[in-house]
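Residue numbers (the working numbering), protein chains in the order written: chain R, 24 to 91; chain C, 2 to 568. All C-beta atoms, glycine included, are put in the ideal place defined by N, C-alpha and C. These numbers come from a predicted model, not from an experiment.
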Amino acid sequence: MISIWFFIGISLSVNGALILAAGIYEWVNPPVSPGVQLYYLHANVWWGAVLLVIGALYCFRFAPGRRT
Amino acid sequence: MTITGATYVTTRLVHLSPVDVVIVVFYFALVLSIGWYLRGRANTGEDFFMAGREMTAWVAGLSFLSANLGALELMGWAGSAYQYGIMATHAYWIGAIPAMLFLALVMMPFYYISKTHSVPGYLKLRFGEPSRALSAISFALMTVLMSGVNMFAMAKVMQIVLGWDINFSIWVSSVTVAIYVTLGGLRSAIFNEVLQFFLIWAGALLIPILGLYEAGGWTNLKLQIVQRTSEQYVHVWSGLGSFSNNPMGINWAGIVFGLGAVISMGYWTTDFLVVQRILAAKDIRSAEMAPIIGAGFKMLVPIIVILPGLLGLAVLPEKLVPESVAAATGAHSYNDVLPLMLARYCGPGLLGLGVTALIAGFMSGMAGNVSAFTTVWTYDIYRPFINSKSSDHHYVNMGRWTTVIGVLISVGTAYLVMQFASIMDYVQALFSFFIAPLFGTVVLGMLWKRTTGPGGFWGLLCGTISSISMWAWVKVDPSALRYVALSPHAKGLAQDYYQALWSFIVCVIVTVVVSLGTKPVPDGELIGLVYGLTEVPSVEDVPLYQKPLFWAGVVTVFFVALNIIFW
């Protein structure tokens, strides 16, 4: 049976990758007027990266067929 | 959180970009995939209703916590933090932690050893059919009604925050929940609750991080809050000496005895919606550890709920107002503070994750209601009173159909609330009537062997009636609140806490008096059900760091320390 933690890993990885990609795109193509406060911190870049790394670790650690 | 039918839409709070929409759609695809994957693992009654009783302590514990971490809870308590200051943290600390530890160390062994499928099932074993019938019917009815009320409230929130059509929100969410619970039963609901737990933290944790950065740290945040409000907004306990000295309008006795000793004990130890998650644990150590793990994380939830509300007090340029004023003026209400903070800091992608976290919180809460309703209907109403001789396969099919019917009743309730907004207040009040007396009945039954069946039944009934009577009294004559809450300065929350306290006391007194006047139950019939007559399986043979008592001690130390630090 696939572990619940693997599904968590999938969710965090995909969401992290999407957020990271959106953050990089926004960084490369900065909007004329940023719609959020603290835009210059580029939170979606580093937060997306954090989620992607955690998600990837969960996917690897709890991959189907891998002994845990 | 109260969202009345009279709430009017002004402008939507946030606009989703394409990547945000992809994140929301991905969430729906994932939960349906989980339900589809688990469809083959819900063929027996134990699988469908109890998730096979094979959940680890971590899965059961996070699910137990998530069942109470709904979107309306998050938004409502963030709004309360804006309204009352850091005192709102009581809902997460004294209003939860002692009760969770009590459940783990004192009550869970009896639930688990008795192998009951539900809390009403325990009442049947301990007090007989009348108590089970009263508890099961009231719980089943209130659960689907509450599910419908929450469904309408969330659809209203989605309309206000995102501009989504109410019908769209109701039907998409309810059909999705119906599909994955019908396919995978309780296991599917639990998996999605754990997923929701991670999504909520991933989607909401950035708000306090960026908010504290903008506010200049915790010390500066407190200074700004005090400048805008008063000193009592940044203290948890110091203003509770009297009703008039704090924004909540309550005193320490109401918080400690009403909230901490009765309401939270009643909710966390007898509300089957949350207890069902623990009953699915794989062994008794896991069942005891699960609430302790839940308590550990519960202490941290104020970071993503209370802190955003406090940050809203400091950094938002506009002043938020009560729901009634917002409906009349078009201003933002207290309950909008979390979406406003989300919109303030979260750009493309992050906004989608935050919205997904809210949707996930709502849907898993609905799945929790539906799965608990399905179990209680099938095992505590249908099987004992309607059809007691069918096969396990028949009851599983009944569970699947009940899931669909439960969702449809919830949808019907949502539309009823849409037409008659006042129903919402009544349903929310109704649910609170049963919690405190039920705790009195269950805890006396577990701890005092002299409690009898008639004592349990009449205590539960009289406690419930007393609660309804006090509520009706204040409804008819609002000035009666001074008598119920013992102070002319008492406000709304004080009524809830004191009403629960009195109804619990009525329940206990009636139970004791009736029990002493009726024939005792022979000790032999109480083995496995009552403290002192039951040998609780020992966990002595595991290392110290694996013992529930050790971790309960660790959680207690942190709990005390946090209350002192934020005194």
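Best match in the options for proximity to residue i [C-alpha to C-alpha]
{"i": "C:Val306", "options": "C:Asp393, C:Leu409, C:Phe258 and C:Ile208", "result": "C:Ile208"}
{"i": "C:Tyr380", "options": "C:Ala52, C:Pro121 and C:His91", "result": "C:Pro121"}
{"i": "C:Val32", "options": "C:Val377, C:Ile161 and C:Glu194", "result": "C:Glu194"}
{"i": "C:Thr404", "options": "C:Ala58, C:Met367 and C:Ser391", "result": "C:Met367"}
{"i": "C:Cys463", "options": "C:Phe421, C:Ile35, C:Ile510 and C:Ala361", "result": "C:Ile510"}
{"i": "C:Phe199", "options": "C:Pro340, C:Tyr335, C:Leu354 and C:Asp48", "result": "C:Leu354"}
{"i": "C:Gly348", "options": "R:Phe83, R:Ile47, R:Met24 and R:Phe85", "result": "R:Ile47"}
{"i": "C:Met447", "options": "C:Ile565, C:Phe421 and C:Thr512", "result": "C:Thr512"}
{"i": "C:Pro110", "options": "C:Phe363, C:Thr270, C:Pro521 and C:Asn246", "result": "C:Thr270"}
{"i": "C:Pro323", "options": "C:Pro309, C:Val338 and C:Asn151", "result": "C:Val338"}
{"i": "C:Val107", "options": "C:Arg286, C:Trp219 and C:His333", "result": "C:Arg286"}
{"i": "C:Ala553", "options": "C:Pro309, C:Ile138, C:Ala562 and C:Ile98", "result": "C:Ile98"}
{"i": "C:Gln84", "options": "C:Ala179, C:Thr535 and C:Gly250", "result": "C:Gly250"}
{"i": "C:Ala358", "options": "C:Pro340, C:Trp459 and C:Gly369", "result": "C:Pro340"}
{"i": "C:Ala205", "options": "C:Pro309, C:Asp166 and C:Tyr234", "result": "C:Pro309"}
{"i": "C:Arg278", "options": "C:Tyr112, C:Ser148 and C:Leu312", "result": "C:Tyr112"}
{"i": "C:Phe103", "options": "C:Leu517, C:Trp78 and C:Val444", "result": "C:Val444"}
{"i": "C:Ser119", "options": "C:Gly36, C:Leu75 and C:Leu274", "result": "C:Leu274"}
{"i": "C:Arg345", "options": "C:Leu317, C:Ala328 and C:Leu321", "result": "C:Leu317"}
{"i": "C:Thr45", "options": "C:Lys299, C:Ser470, C:Gly313 and C:Thr376", "result": "C:Thr376"}
Backbone secondary structure at residue i - three-state DSSP
{"i": "C:Ala97", "result": "coil"}
{"i": "C:Val237", "result": "coil"}
{"i": "C:Ala332", "result": "coil"}
{"i": "C:Met56", "result": "strand"}
{"i": "R:Arg89", "result": "coil"}
{"i": "C:Phe258", "result": "helix"}
{"i": "C:Ala89", "result": "helix"}
{"i": "C:Val322", "result": "strand"}
{"i": "C:Ala282", "result": "strand"}
{"i": "C:Arg451", "result": "coil"}
{"i": "C:Asn564", "result": "helix"}
{"i": "C:Asp21", "result": "helix"}
{"i": "C:Leu70", "result": "coil"}
{"i": "C:Ser119", "result": "coil"}
{"i": "R:His65", "result": "coil"}
{"i": "C:Leu341", "result": "helix"}
{"i": "C:Val543", "result": "coil"}
{"i": "C:Gly62", "result": "helix"}
{"i": "C:Tyr9", "result": "Bear in mind that the predicted position of C:Tyr9 carries a pLDDT of just 37, short of 50, making it unreliable; the figure below should be weighed with that in mind. Coil, per DSSP."}
{"i": "C:Ser392", "result": "coil"}
{"i": "C:Gln225", "result": "helix"}
{"i": "C:Gln277", "result": "helix"}
{"i": "C:Pro110", "result": "helix"}
is_contact[residue i, chain R] using C-beta, thresh 8 Å
{"i": "C:Leu207", "result": "yes"}
{"i": "C:Gly259", "result": "no"}
{"i": "C:Pro349", "result": "yes"}
{"i": "C:Phe573", "result": "No statement about residue 573 of chain C is possible, as the shown extent of chain C runs from 2 to 568 and does not include it."}
{"i": "C:Arg278", "result": "no"}
{"i": "C:Arg54", "result": "no"}
{"i": "C:Tyr123", "result": "no"}
{"i": "C:Val306", "result": "no"}
{"i": "C:Ala72", "result": "no"}
{"i": "C:Glu215", "result": "yes"}
{"i": "C:Phe169", "result": "no"}
{"i": "C:Ala473", "result": "no"}
{"i": "C:Arg345", "result": "yes"}
{"i": "C:Leu211", "result": "yes"}
{"i": "C:Gly6", "result": "For C:Gly6, the predicted model reports a pLDDT of 39, less than 50, meaning its position is unreliable and no value from the coordinates is stated."}
{"i": "C:Leu314", "result": "no"}
{"i": "C:Leu200", "result": "yes"}
{"i": "C:Ala203", "result": "yes"}
{"i": "C:Leu341", "result": "no"}
{"i": "C:Phe192", "result": "yes"}
Nearest-angstrom beta carbon gap, residue j and residue i [assumed within contact, 8 Å]
{"i": "C:Ser132", "j": "C:Gly413", "result": "Not confirmed; about 29 Å, so no contact."}
{"i": "C:Leu461", "j": "C:Leu135", "result": "6 Å"}
{"i": "C:Gly255", "j": "C:Tyr93", "result": "Contact doesn't hold; Cβ gap of about 17 Å is too wide."}
{"i": "C:Val60", "j": "R:Ile27", "result": "6 Å"}
{"i": "C:Gly259", "j": "C:Ala501", "result": "6 Å"}
C-beta neighbour in chain C for residue i, strict 8 Å
{"i": "R:Gly88", "result": "no"}
{"i": "R:Ala66", "result": "yes"}
{"i": "R:Leu74", "result": "yes"}
{"i": "R:Ala45", "result": "yes"}
| request: Would you list, in chain order, the members of the stretch 47 to 61 of chain R that have their beta-carbon closer than 7 Å to a beta-carbon of chain C? | output: Glu49, Gly58, Val59, Gln60 and Leu61
| task | Below 8 Å between beta carbons is the criterion; list the residues of the stretch 24 to 41 of chain R that meet it against any residue of chain C, in chain order. | result | Met24, Ile25, Ile27, Phe30, Ile31, Ile33, Ser34, Leu35, Val37, Asn38 and Leu41
| Interfacial residues, the stretch 27 to 59 of chain C to chain R, with Cβ spacing under 8 Å | Phe27, Tyr28, Leu31, Ile35, Tyr38 and Arg42
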